[in-house]
Structure formats: C-alpha cells, structure tokens
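Q:
Residue numbers (the numbering used here): 883 to 1123.
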C-alpha cells in the first residue's frame, strides 16, 4: 500500500505541475498590448478603440506609451480622451502621401502617433487608453498599431510585430484591428455594424481559447492518469518479485 500511495502522490504532483504550466502559458499569451474591440467593418464611422496596456514587470511601472497609427491606411478624425489619472496625450499629425477625398472635402493630414505620459501603471495593473475615430479605412483587412511601452527603470518593450497568416503568435505582437467586409447594401459601415462584427469575432476567439484550454486540460489529465497507472503496475510488479 505504501508503494501505491507514493506512486499516486507522484502522479498527482506531475499532473499539478503540468496544469500549472498550461495556465501560465495561457496567462503569458495574453499579457501584451491589445485593442478592443478587435474588429470593425471597413469604413466604419464614429467609433472608439480602446488600447489595453498591462504591466508585465514586477519591480517597475509603465510611465510612457507610444501608439503609432498606420498612414498607408489612415484612421480619420482621431480624438483622444481628456487627461485623467495623471496621463496626458500628445497627438502628432503627418502629411499623407495620397490625400483622401471625403464628402466634407479633401484630407491631407492624419494622426500618425499618440504618446501618453505623466501617469503610472504599477505592477499587476493595466490601463485603458481610448481613441475615438471619425472613419476607418474602407479597404484592407487589418490595421496594425505598433506600440512602445516604456518602464520607470528605462526598459522599453516594442510591441511591433505583425502576425503572419497561419503562423504562431509573434513574441512581441502589435495590437491588430481586423477590418471585416461591409455587408451587402451597407453604405459606409457605422459603429453599430463594427460592434456586431466585433462581438462575433470576440465570441469566436473566446470559443477557440476555451476549446484550446479544454483540450490541454484533457491532455494533462490523461498524462496524470497514465502516470498513476504506470506507477501502480510498477508497484505490483515489485511486490510480485
């Protein structure tokens, strides 16, 4: 019996460690700068993008966030929230290589960078930065928002890597907004359309994550049971000899 109890304890320890590894990996995968919602319809108007910045350091605070907006497919009519929690935003415009014609006239400049400073995100905390827009591009399938995150100890994390179709997630992924095709008869894609698309995409993403973690859990459980069975057979074999 002592051999059996020892074997079961060892199998339980192996299972617990493997499960902890699965949960740790899931946590690490989500600890980067993200944009919410993660999708909008092409050409959506009058919406808000929220950039969530978590602090990954144990001994330093985030003191500066630089968000770079694409200028090849510019976001028009960008507005930022008033100062809060010590944070203030500096908005930088750039001249567009190709002016954009709209119903209100031709646009020659667009926001290319927003820098937030003056606030602090402590260890184990996050901050949401809201950016309102007048109109998203009506072409392309995604917008990549490269981001630099600077800590109080001088370290800068560069969230600038765009995901590759069918590839693994980059080590330092940039926030990516998916642009979904406009529905038939859609005259411009408003924020309601974008929100609906986002809800669907978020649901699919959540389902995929849940399925992935569920499968991982089954694998971990199976490994634990296999280890226990092997240990029991070993114990019985030892007794017989």
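Just so it is clear, CB atoms sit at the ideal spot from N, CA and C, and this is done for glycine as well. Bear in mind the structure is a predicted one, so any value in this text is a computation, not a measurement.
For residue 971, which residues in the same chain have their Cβ closer than 6 Å to its Cβ, ignoring the five residues on either side in sequence?
A: Around residue 971: 962, 996, 998.
Q: At what residue ranges does the stretch 970–1009 contain a whole run of the beta strand (DSSP E), taking only runs of 3 or more?
A: Fully enclosed beta strand (DSSP E) runs of 3 or longer: 970–984, 987–1003.
Q: Relative to the alpha-carbon of residue 944, which residue among 1065, 925, 1029, 922 has its alpha-carbon at the smallest distance?
A: Taking only the C-alpha atoms, the option nearest residue 944 is 1029.
Q: Which one or two residues does DSSP pair with residue 1061 in a beta bridge?
A: According to DSSP, residue 1061 bridges with 922.
Q: Please list the terminal residues of the continuous beta strand (DSSP E) segment that includes residue 950.
A: Per DSSP, residue 950 belongs to the beta strand (DSSP E) from 944–950.
Q: Measure the CB-CB distance between residue 913 and residue 956 and report whether it falls below 8 Å.
A: No, the pair does not count as a contact, with Cβ atoms beyond the cut-off.
Q: Count the CB pairs spanning the stretch 1004–1012 and the stretch 935–944 that are closer than 8 Å, and state whether there are at least three.
A: Output reads yes: the stretch 935–944 touches the stretch 1004–1012.
Q: Determine the extent of the beta strand (DSSP E) in which residue 1028 is found, giving its start and end residues.
A: Here the beta strand (DSSP E) through residue 1028 covers 1028–1033.
Q: To the nearest angstrom, how far is it from the Cα of residue 1075 to the Cα of residue 927?
A: In this prediction, residue 1075 has a pLDDT of 45, which is less than 50 and means its spatial position is unreliable; what the coordinates show is noted afterwards. If you take the alpha carbons of residue 1075 and residue 927, they lie about 9 Å apart.
Q: Can you give me the Cβ contacts of residue 936 inside the same chain, cut-off strictly under 7 Å, excluding the 5 residues immediately before and after it?
A: So the list reads 913, 1008, once near-sequence residues are dropped.
Q: Between the Cα of residue 917 and those of 965, 1018, 1058, spot the shortest distance and give me the residue it belongs to.
A: The candidate whose alpha carbon is nearest that of residue 917 is 1058.
Q: Does the structure place the stretch 1013–1026 close enough to the stretch 1045–1059 that three or more beta carbon pairs sit under 8 Å?
A: The stretch 1045–1059 vs the stretch 1013–1026: in contact.
Q: Distance check for residue 1013 and residue 925, CA to CA, integer angstroms please.
A: Rounded to whole angstroms, residue 925 to residue 1013 spans 16 Å at the Cα level.
Q: Buried or exposed for residue 1065, going by 16 or more other Cβ atoms inside 10 Å?
A: The residue in question, residue 1065, is exposed, as its Cβ has fewer than 16 Cβ neighbours within 10 Å.
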